[in-house]
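**Q** My questions will all concern the structure given below.
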Amino acid sequence: TFQLKGAVKSVAYSDDYYFEKRTFNFSKEGQLQCDSTMKVERDSLNRIMTIVFPYVAQTGVTLDYIVRFKYDEKGRVNSIIDEKQGWKGYAKLICDDQGFVAVDSTRGRHELMVTNYTYSGVDDKGNWVEREYVSRHESKHDSLPQETGSEKRVITYY
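With positions in the sequence shown counted from 1, the corresponding number in my numbering is that position plus 194.
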């Protein structure tokens, strides 16, 4: 649920706050190309419903990380559930008029994190290529500092 438009071949994603970089590849039919360790389940409309991939826990044991998606009446992701090592994280997404995520409210084991996004770059196909965010954490014990960062996507097309 990459919220992509057009015949996307690949997306190179980066986040300057978490120093995260990932590349996602797609077939000409628009299917996410997975390695043999990742499983993707789709519904009758071909939307991604579940992604399961392995991760190595702190104990050194390989476990499943499960991500489940729910969609609104317009076909946009509006809810994500992460399941990892016996805990669940719940994200509620609110989209703007362009269909981009404007607010992500995620509740984890001990805290609520609310992230607000603003978009500073959109390509000629209507895909965002740069956005900024501000995240505010609220734990059961105290309020944590805000995080600000930016995310970029380099998108190639068929």
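Beta carbons: idealized from backbone N, C-alpha and C, even for Gly. Because the structure is a prediction, the values reported are computed rather than measured.
For residue 321, which of helix, strand or coil comes out of DSSP?
**A** Here residue 321 sits in coil by DSSP.
**Q** Look up residue 218 in the DSSP assignment and say whether it is helix, strand or coil.
**A** If DSSP states are grouped into helix, strand and coil, residue 218 belongs with the strands.
**Q** Could you tell me the distance, in whole angstroms, from the CA atom of residue 279 to the CA atom of residue 246?
**A** Between residue 279 and residue 246, the C-alpha separation is close to 13 Å.
**Q** Pull the bridge partners of residue 226 from the DSSP assignment, please.
**A** Residue 226 is bridged to 220.
**Q** To the nearest angstrom, how far is the alpha carbon of residue 277 from that of residue 316?
**A** One C-alpha to the other measures close to 32 Å.
**Q** Measure the C-alpha to C-alpha separation of residue 329 and residue 238 and round it to an integer number of angstroms.
**A** Going from the Cα of residue 329 to the Cα of residue 238 covers about 35 Å.
**Q** With residue 263 as the anchor, note down where its beta strand (DSSP E) starts and where it stops.
**A** That run of the beta strand (DSSP E) goes 256 to 265.
**Q** Could you have a look at residue 212 and say whether DSSP puts it in helix, strand or coil?
**A** Residue 212: coil per DSSP, three-state reduction.
**Q** Do residue 282 and residue 275 have their beta-carbon atoms positioned less than 7 Å apart in this structure?
**A** Taking 7 Å as the Cβ cut-off, residue 275 and residue 282 qualify as a contacting pair.
**Q** Using DSSP's beta-bridge definition, name the partner residues of residue 330.
**A** According to DSSP, residue 330 bridges with 308.
**Q** In this structure, how does DSSP classify residue 270 when only helix, strand and coil are distinguished?
**A** Here residue 270 sits in coil by DSSP.
**Q** Please report the straight-line C-alpha distance between residue 326 and residue 257, rounded to a whole angstrom.
**A** C-alpha separation (whole angstroms): 32 Å.
**Q** Closer than 6 Å by C-beta to residue 266: which residues in its own chain qualify, once you throw out the five before and the five after it? Chain order, please.
**A** So the list reads 272, once near-sequence residues are dropped.
**Q** Among the residues of its own chain, which have a CB less than 7 Å from the CB of residue 236, if the five just before and after it don't count?
**A** Counting only Cβ-Cβ distances below 7 Å, and skipping sequence neighbours, we find 242 and 243.
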